[in-house]
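J.: One structure coming up, written as structure tokens, with questions to follow.
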Amino acid sequence: MSARVAVTVSVNGTTHRREVEPRLLLSDFLRHELGLTGTHVGCEHGVCGACTIRLDGAPVRSCLMFAVQADGHAIATVEGLAPAPGRLSVLQEAFRDAHALQCGYCTPGILMTVSAFLEETPDPTEEEVRHALSGNLCRCTGYQHIVDAVLLAARRLREG
Amino acid sequence: MSGPLRADALEKTTGRALYTADIRLPGMLHAKVLRSRVAHGRLVRIDATKARAMPGVHAVLTREAIEPGTVPFYGYFIKDQPIVALDRVRYEGDILAAVAAETEWQAAQACAAIEVEIEPLPPVPTIEAALAPGAAELFPEPPIGMVPHYGEGASAVARPEPNVCFAFRYRMGDAGAFAECDHVFEDEFRFSRMHHLHLEPFVSVADCSRGRIEIWSSCQNPFPLRKEIARMFRVPENRITVHVPYIGGGFGAKNNCKTEPIAVRLSQMTGRPVRFCLTMEEGFLTNTQHAAILRLRTGVTRDGTLVARQAEILLDAGAYSDASPLVAEKAGYRAPGPYRWRHVDSLCKCVMTNTAPAGPFRGFGGTQAAWASESQIDMIARRLGMDPLEIRLKNALSLGEPYMPGESGIDSDLGAGLRLVADRIGWRSTNRQPNRGLGIALGFKDGGGVNKPAQARVKVSTNGDIFLHCGTVEIGQGARTALAGIVARILGAPAHRVAVAPIDTDSVPFDQGTNASSGIAVMGQAVAQAASRVRAQVLEFAAEMLHASPAELALEDWHAVRGEERVPLAPLVMRHFGGTGFEFSAEGFFKARHDPRAPLETPCVFWEIGWAAVEVEVDRETGRVSVPRLVVSGDAGRALHKAACRGQDEGAAIMGLGQALFERMVYDGTTLLNGEALEYRAPLAEDLPAEFVSITQEQGHGPGPFGAKGLGEGAMLPIAAAVANAIEDAVGVRITELPITPERVLTALQARQGRSP
Numbered sequence: 000m001s002a003r004v005a006v007t008v009s010v011n012g013t014t015h016r017r018e019v020e021p022r023l024l025l026s027d028f029l030r031h032e033l034g035l036t037g038t039h040v041g042c043e044h045g046v047c048g049a050c051t052i053r054l055d056g057a058p059v060r061s062c063l064m065f066a067v068q069a070d071g072h073a074i075a076t077v078e079g080l081a082p083a084p085g086r087l088s089v090l091q092e093a094f095r096d097a098h099a100l101q102c103g104y105c106t107p108g109i110l111m112t113v114s115a116f117l118e119e120t121p122d123p124t125e126e127e128v129r130h131a132l133s134g135n136l137c138r139c140t141g142y143q144h145i146v147d148a149v150l151l152a153a154r155r156l157r158e159g
Numbered sequence: 000m001s002g003p004l005r006a007d008a009l010e011k012t013t014g015r016a017l018y019t020a021d022i023r024l025p026g027m028l029h030a031k032v033l034r035s036r037v038a039h040g041r042l043v044r045i046d047a048t049k050a051r052a053m054p055g056v057h058a059v060l061t062r063e064a065i066e067p068g069t070v071p072f073y074g075y076f077i078k079d080q081p082i083v084a085l086d087r088v089r090y091e092g093d094i095l096a097a098v099a100a101e102t103e104w105q106a107a108q109a110c111a112a113i114e115v116e117i118e119p120l121p122p123v124p125t126i127e128a129a130l131a132p133g134a135a136e137l138f139p140e141p142p143i144g145m146v147p148h149y150g151e152g153a154s155a156v157a158r159p160e161p162n163v164c165f166a167f168r169y170r171m172g173d174a175g176a177f178a179e180c181d182h183v184f185e186d187e188f189r190f191s192r193m194h195h196l197h198l199e200p201f202v203s204v205a206d207c208s209r210g211r212i213e214i215w216s217s218c219q220n221p222f223p224l225r226k227e228i229a230r231m232f233r234v235p236e237n238r239i240t241v242h243v244p245y246i247g248g249g250f251g252a253k254n255n256c257k258t259e260p261i262a263v264r265l266s267q268m269t270g271r272p273v274r275f276c277l278t279m280e281e282g283f284l285t286n287t288q289h290a291a292i293l294r295l296r297t298g299v300t301r302d303g304t305l306v307a308r309q310a311e312i313l314l315d316a317g318a319y320s321d322a323s324p325l326v327a328e329k330a331g332y333r334a335p336g337p338y339r340w341r342h343v344d345s346l347c348k349c350v351m352t353n354t355a356p357a358g359p360f361r362g363f364g365g366t367q368a369a370w371a372s373e374s375q376i377d378m379i380a381r382r383l384g385m386d387p388l389e390i391r392l393k394n395a396l397s398l399g400e401p402y403m404p405g406e407s408g409i410d411s412d413l414g415a416g417l418r419l420v421a422d423r424i425g426w427r428s429t430n431r432q433p434n435r436g437l438g439i440a441l442g443f444k445d446g447g448g449v450n451k452p453a454q455a456r457v458k459v460s461t462n463g464d465i466f467l468h469c470g471t472v473e474i475g476q477g478a479r480t481a482l483a484g485i486v487a488r489i490l491g492a493p494a495h496r497v498a499v500a501p502i503d504t505d506s507v508p509f510d511q512g513t514n515a516s517s518g519i520a521v522m523g524q525a526v527a528q529a530a531s532r533v534r535a536q537v538l539e540f541a542a543e544m545l546h547a548s549p550a551e552l553a554l555e556d557w558h559a560v561r562g563e564e565r566v567p568l569a570p571l572v573m574r575h576f577g578g579t580g581f582e583f584s585a586e587g588f589f590k591a592r593h594d595p596r597a598p599l600e601t602p603c604v605f606w607e608i609g610w611a612a613v614e615v616e617v618d619r620e621t622g623r624v625s626v627p628r629l630v631v632s633g634d635a636g637r638a639l640h641k642a643a644c645r646g647q648d649e650g651a652a653i654m655g656l657g658q659a660l661f662e663r664m665v666y667d668g669t670t671l672l673n674g675e676a677l678e679y680r681a682p683l684a685e686d687l688p689a690e691f692v693s694i695t696q697e698q699g700h701g702p703g704p705f706g707a708k709g710l711g712e713g714a715m716l717p718i719a720a721a722v723a724n725a726i727e728d729a730v731g732v733r734i735t736e737l738p739i740t741p742e743r744v745l746t747a748l749q750a751r752q753g754r755s756p
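As they're listed, the protein sequences go chains A and B.
Each residue of the first sequence is one higher than the one before, starting from 0 at the first, in numbering that gives the first Met the number 0.
Each residue of the second sequence is one higher than the one before, starting from 0 at the first, in numbering that gives the first Met the number 0.
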């Protein structure tokens, strides 16, 4: 058993301090230490994208990082997207309205990927959206409803 | 508006939705297993002494730890899969032992310390190897099992020959029909194997610490799971509770026992809750689609009339039977396709090999059958110089025409759907570009399961809050939204007034499982009946209170409505039953009627159809096939939720497109080479055809509530054949083996060039 290491991270604006084993994955840290189970774990190899979070704004696979590597960084997870309990962000609303989810297991990771994408590309083409989504696996939808939702969210965000 | 908002959208977009993978109980231990690296062998010795002494370890389950008197095997018709290896191992990945420890890491470390001695037996990697004379047998002794009582024309045998666990046969008409044909065509097709790749892994938590067995599982059929656990562990069913939270995808894989028996046994041994969660790599080793060899012999007259078909289908069942007998039944039965025949003789065998067990997969034998059948129909059309659309229109069963003697009538206009997708792709267009081609195919399956009962309960509180209790799990298909919508519509309530209760097997009425596209056509009927009965109760009560007759009253947002008069019901309820209130409650039931003439016990509840038309472009230099346009269509009967229907068809179609072009489990002998997400190529958003059209037809002939039918599998069925058909249209080569890789296309192009320089 390795010695525990102190980690301080800001998650969705709240600072957390924990002593963790060096091999603890960031995804497991979020899910099990902080109880933020909205970050899902699919492949644990950085392929499926279900565990995507934002680290200092950049979308990253939380299963490919150790919790200790996040020390001192700011993390955003799906739980931080909604403006208030029971309310949804524009992006979340677009996913709801365009039926862009089925089983919902890939949804949090896709939302985190897309939230970063739309900040950089506020007026994307359909092709750009497909490209942006191609790091996240969705086995249920065939992607088209998700593409539609991203385009809808982009439009709503641009129109304010 | 394409339907109400999904009931689960808020939870699923905020990360609040709870899946089995998220369940944590106080004092919970974690399980890991040791898997065999030997594909086939005799388990000589297994010694867990060192593992038991390791830090954090609470129990090690090996064959010695199976409780005397219990039955450590599971399966469907045939129960041949042991909870851990007993005398043999049968595939690379077969479970030898399981450890429960404080952490997964400790459990994994302990697994590595278990000493195992296996005496290798000759490996049986493929269907051909399994059927070769003198092949090693996976099961020298017949396992426990049964064969269903089939109806007219259908029959089955368990273990008819070595390495075949089950064979299904369907025969109709006189084989002499072949003699009257102008042509008899024989073709062979190969179907590759996919993994379901559900993103939520196989996972369960079992708690046997309180004198009962309580299970949380990512499971498609909680009641059959309960029955299986009861049988194996000799525990009464009323001492077992199965909870099913949201499921992160299944596509068939999550039927019946997977992780549950080991979690239960380890919890029994430790007196602590045990979580057993597989990795995705272990998922690949746990359940797969059936690879297959399909041989079709089809007789036709020179005008393109289909007359007789003989089919031989060999399914690769892998190392354990799992649902293979049921899949064989369906593959065999569906092999003729939805066409008019005078004679059919279809045989399907489940062949055991030393590879991962195959089981239910979206399409359930229908995908294999449609790949071969819809490819061959096209090949026959081309050989006869006919239009592939015309040969289908000429031979397709008409609306209402029974599929086979004793069967229900086809409840979609097949020709209308064919014309719809053909028109949308521009079938008649003369503006053809080089190396581009069009293909069409018609997928079909009998939907709704076999002889499947469903029960549901609807309750309404004093204030008009509506509860729906039913066992259909929410696996992404939108069942909760659609079924709640049925109840709301019948009770005249807004959709948000209906809540679907969480599933636990103690309080929810019995259901056989969420499979066979049965949620709407089977469970939907039970739900509608329960809602109608509650409605009758409420109207009768209101009529009595208002001195009216029930027929005069309507129900609208928890008011009794008589003409212009709207009487709120809550005060009436409290006046009659007292201020603490009351619940109206009723149950509904549905099962297809039993009919000895029906080949598969009952006539099919509904026919699930998938139509596809596709345009491909073939790169002659590389053999690469791209799909610029795909038109897919299903028939919802009447759509209860249009967006959900479209989503089902699109998801199925893209899964089919992956299977057509690249997705497969690659074996080298008995070793799986790509059993992980990085190596296993599944469709991505970038793989979508530039133009992807999904049309939900509402032909209106469904047996479900308001004319609805089931969806979700149909659109997968025609895709691969449509792509192969389009490739022949584009470049004149016929690919008969999936997936249609660039190598295969290039080889076929080169062979063709060699023939006609």
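Built from N, CA and C at the ideal position, the CB exists for glycine as well.
1) Who are the Cβ neighbours of glutamate 690 (chain B) in its own chain at under 7 Å, not counting the five residues just before and after it?
2) Can you grab the Cα-Cα spacing for the pair arginine 129 (chain A) / valine 146 (chain A), in whole Å?
3) If you draw a straight line from the alpha carbon of glycine 48 (chain A) to that of proline 682 (chain B), how long is it in whole angstroms?
4) Mind the definition here: the segment 64-77 of chain B touches the segment 133-151 of chain B only if three or more C-beta pairs lie below 8 Å; say whether that holds.
5) Helix, strand or coil for threonine 142 (chain A) per DSSP?
6) Provide the residue span of the beta strand (DSSP E) that contains glutamate 179 (chain B), from first to last.
7) In three-state terms, what does DSSP make of isoleucine 214 (chain B)?
8) Please list the residues of the segment 3-19 of chain B that have a C-beta atom closer than 8 Å to any C-beta atom in chain A, keeping them in chain order.
9) Taking the alpha-carbon of glutamate 66 (chain B) as reference, which of B:Ile82, B:Gly365, B:Val56 and B:Glu400 has the nearest alpha-carbon?
10) Grab me the residues of isoleucine 653 (chain B)'s own chain with a C-beta within less than 6 Å of its C-beta, minus the 5 sequence neighbours each way, in chain order.
11) Do you know whose CA, among A:Val149, A:Gly159 and A:Thr106, lies nearest threonine 77 (chain A)'s CA?
12) Can you give me the Cβ contacts of aspartate 648 (chain B) inside the same chain, cut-off strictly under 6 Å, excluding the 5 residues immediately before and after it?
13) Residues of chain B with CB closer than 8 Å to the CB of phenylalanine 94 (chain A), please, in chain order.
14) Taking Cβ to Cβ, would you say valine 472 (chain B) is nearer than 8 Å to leucine 599 (chain B)?
15) Leucine 130 (chain B) and valine 350 (chain B): beta carbons closer than 8 Å?
16) For histidine 495 (chain B), name the three-state secondary structure that DSSP assigns.
17) Flag this pair as yes or no: are the beta carbons of valine 88 (chain B) and isoleucine 113 (chain B) separated by less than 8 Å?
18) Using beta-carbon positions only, say whether serine 61 (chain A) and serine 9 (chain A) come within less than 8 Å of one another.
19) Check each candidate in A:Leu24, A:Gly79, A:Phe94 and A:Gly37 and name the one with the smallest Cα separation from valine 154 (chain A).
20) Is it the case that the Cβ atoms of glycine 436 (chain B) and aspartate 728 (chain B) are separated by a distance below 8 Å?
21) What does the alpha-carbon distance come out to for the pair alanine 131 (chain A) and arginine 192 (chain B)?
22) Is there a Cβ from chain A that is less than 8 Å from the Cβ of aspartate 634 (chain B)?
23) What does the Cβ neighbour count give for glutamate 742 (chain B), buried or exposed, with the cut at 16 atoms within 10 Å?
24) Around the C-beta of phenylalanine 576 (chain B), are 16 or more other C-beta atoms found within 10 angstroms, so that it is buried, or is it exposed?
25) DSSP has lysine 458 (chain B) in a bridge; who is on the other side?
26) Put cysteine 644 (chain B) into one of helix, strand or coil per three-state DSSP.
27) Which residue comes first and which comes last in the beta strand (DSSP E) that contains glycine 158 (chain B)?
28) Give me the Cβ distance between arginine 62 (chain B) and isoleucine 45 (chain B), rounded to the nearest whole Å; I'm assuming they're in contact under 8 Å.
29) Which same chain residues, not among the five before or five after glycine 358 (chain B), have their C-beta less than 6 Å away from its C-beta?
30) Which stretch, first to last residue, makes up the beta strand (DSSP E) that contains tryptophan 606 (chain B)?
31) Given a cut-off of 8 Å on the beta-carbon distance, is the pair tyrosine 169 (chain B) and alanine 153 (chain B) in contact?
32) Which residues of chain A have a Cβ atom closer than 8 Å to the Cβ of methionine 279 (chain B), listed in chain order?
33) Going by beta carbon distance, what residues of the same chain come within less than 6 Å of glutamate 678 (chain B), once the five residues before and after it are set aside?
34) Who does cysteine 347 (chain B) pair with in a DSSP beta bridge?
35) Look at the Cβ atom of serine 208 (chain B), then the Cβ atom of glycine 282 (chain B), and state whether they are nearer than 8 Å.
36) Using a Cβ-Cβ distance cut-off of 8 Å, determine whether proline 107 (chain A) contacts chain B.
T.: Working from what's here:
1) By one-based count along the second sequence, residue 690 (chain B) stands at place 691. Within its own chain, the residues whose Cβ lies closer than 7 Å to the Cβ of glutamate 690 (chain B), once the five positions on either side in sequence are excluded, are Pro627 and Arg628, listed in chain order.
2) Translated into positions along the first sequence, residue 129 (chain A) becomes position 130. Translated into positions along the first sequence, residue 146 (chain A) becomes position 147. So the two alpha carbons sit approximately 7 Å from each other.
3) Numbered from 1 along the first sequence, position 49 holds the residue referred to as residue 48 (chain A). Numbered from 1 along the second sequence, position 683 holds the residue referred to as residue 682 (chain B). Straight-line Cα distance between these residues: approximately 14 Å.
4) yes
5) Start at 1 with the first residue of the first sequence, and residue 142 (chain A) comes out as number 143. What sits at residue 142 (chain A) in the sequence shown is tyrosine, not threonine. Correct three-state label for tyrosine 142 (chain A): coil.
6) The count along the second sequence starts at 1 and reaches residue 179 (chain B) at position 180. Run containing glutamate 179 (chain B): none; DSSP gives neither H nor E here.
7) Counting from 1 along the second sequence, the entry for residue 214 (chain B) is found at position 215. Strand at isoleucine 214 (chain B).
8) Leu4, Arg5, Asp7, Ala8, Leu9, Glu10, Lys11, Thr12, Thr13, Gly14, Arg15, Ala16, Leu17 and Tyr18
9) Walking along the second sequence from the start, residue 66 (chain B) turns up at place 67. Checked all of B:Ile82, B:Gly365, B:Val56 and B:Glu400; the closest Cα to glutamate 66 (chain B) is B:Ile82.
10) Here residue 653 (chain B) refers to the residue found at position 654 of the second sequence. Cβ within range, chain order: Pro682.
11) As a working note, residue 77 (chain A) is residue 78 in the first sequence. A quick correction: the sequence has valine, not threonine, at residue 77 (chain A). When the alpha-carbon of valine 77 (chain A) is set against those of A:Val149, A:Gly159 and A:Thr106, the nearest one is in A:Thr106.
12) Taking the first residue of the second sequence as 1, we reach residue 648 (chain B) at position 649. These residues qualify, in order along the chain: Val631, Gly633, Ser693 and Ala714.
13) Position 95 of the first sequence, counting from 1, holds the residue named residue 94 (chain A). Correct list: Ala8 and Thr12.
14) One-based indexing of the second sequence puts residue 472 (chain B) at position 473. One-based indexing of the second sequence puts residue 599 (chain B) at position 600. No, the Cβ-Cβ distance between valine 472 (chain B) and leucine 599 (chain B) is not below 8 Å.
15) Taking the first residue of the second sequence as position 1, residue 130 (chain B) is located at position 131. Taking the first residue of the second sequence as position 1, residue 350 (chain B) is located at position 351. Yes, the Cβ-Cβ distance between leucine 130 (chain B) and valine 350 (chain B) is below 8 Å.
16) Residue mapping note: residue 495 (chain B) aligns to position 496 of the second sequence, counting from 1. When secondary structure is reduced to three states using DSSP, histidine 495 (chain B) falls in the helix class.
17) The sequence position of residue 88 (chain B) within the second sequence is 89, counting from 1. The sequence position of residue 113 (chain B) within the second sequence is 114, counting from 1. No; because the gap between Cβ atoms is not below 8 Å, this pair is not in contact.
18) To locate residue 61 (chain A), count along the first sequence from 1; it is residue 62. To locate residue 9 (chain A), count along the first sequence from 1; it is residue 10. Not a contact, by the Cβ cut-off of 8 Å.
19) Indexing the first sequence from 1 puts residue 154 (chain A) at position 155. Before going on, a small fix: residue 154 (chain A) reads as arginine here, not valine. By alpha-carbon distance to arginine 154 (chain A), the top candidate from A:Leu24, A:Gly79, A:Phe94 and A:Gly37 is A:Phe94.
20) As a working mapping, residue 436 (chain B) is identified with position 437 in the second sequence. As a working mapping, residue 728 (chain B) is identified with position 729 in the second sequence. For glycine 436 (chain B) and aspartate 728 (chain B), yes; Cβs fall inside 8 Å.
21) Stepping through the first sequence from its first residue, residue 131 (chain A) is reached at position 132. Stepping through the second sequence from its first residue, residue 192 (chain B) is reached at position 193. Going by the C-alpha atoms only, they are around 29 Å apart.
22) Here residue 634 (chain B) corresponds to residue number 635 of the second sequence, with the count starting at 1. Chain A, which has no Cβ nearer than 8 Å to the Cβ of aspartate 634 (chain B), makes this no.
23) Within the second sequence, numbered from 1, the residue matching residue 742 (chain B) stands at position 743. That one is exposed.
24) For the purposes of this step, residue 576 (chain B) is taken as the residue at position 577 of the second sequence. Under this definition phenylalanine 576 (chain B) is an exposed residue.
25) Numbered from 1 along the second sequence, position 459 holds the residue referred to as residue 458 (chain B). DSSP output for lysine 458 (chain B) lists B:Phe466 and B:Ser584 as bridge partner(s).
26) Working through the second sequence from its first residue, we reach residue 644 (chain B) at position 645. Three-state DSSP puts cysteine 644 (chain B) in a helix.
27) Walking along the second sequence from the start, residue 158 (chain B) turns up at place 159. Checking the displayed sequence, the identity of residue 158 (chain B) turns out to be arginine instead of glycine. It spans 153-160 - the beta strand (DSSP E) in which arginine 158 (chain B) sits, taken as one unbroken run.
28) Position 63 of the second sequence, counted from the start, is the residue given in the question as residue 62 (chain B). Position 46 of the second sequence, counted from the start, is the residue given in the question as residue 45 (chain B). For a cut-off of 8 Å, the C-beta gap from arginine 62 (chain B) to isoleucine 45 (chain B) is around 7 Å, short enough to register as a contact.
29) Position 359 of the second sequence, counting from 1, holds the residue named residue 358 (chain B). Excluding sequence neighbours, glycine 358 (chain B) sits near Asn286, Asp321 and Ala322.
30) Counted from its first residue, the second sequence places residue 606 (chain B) at position 607. Element bounds for tryptophan 606 (chain B): 605-617.
31) For the purposes of this step, residue 169 (chain B) is taken as residue 170 along the second sequence, with counting starting at 1. For the purposes of this step, residue 153 (chain B) is taken as residue 154 along the second sequence, with counting starting at 1. Yes, the pair counts as a contact, with Cβ atoms nearer than the cut-off.
32) Position 280 of the second sequence, counting from 1, holds the residue named residue 279 (chain B). Near methionine 279 (chain B) (Cβ distances below 8 Å), the residues of chain A are Gly41, Cys42, Glu43, His44 and Cys47.
33) Start at 1 with the first residue of the second sequence, and residue 678 (chain B) comes out as number 679. Contacts found: none.
34) Translated into the one-based positions of the second sequence, residue 347 (chain B) becomes position 348. Residue pairing by DSSP places cysteine 347 (chain B) opposite B:Phe167 and B:Ile312 in a beta bridge.
35) Taking the second sequence and counting its residues from 1, one reaches residue 208 (chain B) at position 209. Taking the second sequence and counting its residues from 1, one reaches residue 282 (chain B) at position 283. No, Cβ-Cβ distance for serine 208 (chain B) and glycine 282 (chain B) is not below 8 Å.
36) The count along the first sequence starts at 1 and reaches residue 107 (chain A) at position 108. Cβ-Cβ to chain B under 8 Å: yes for proline 107 (chain A).
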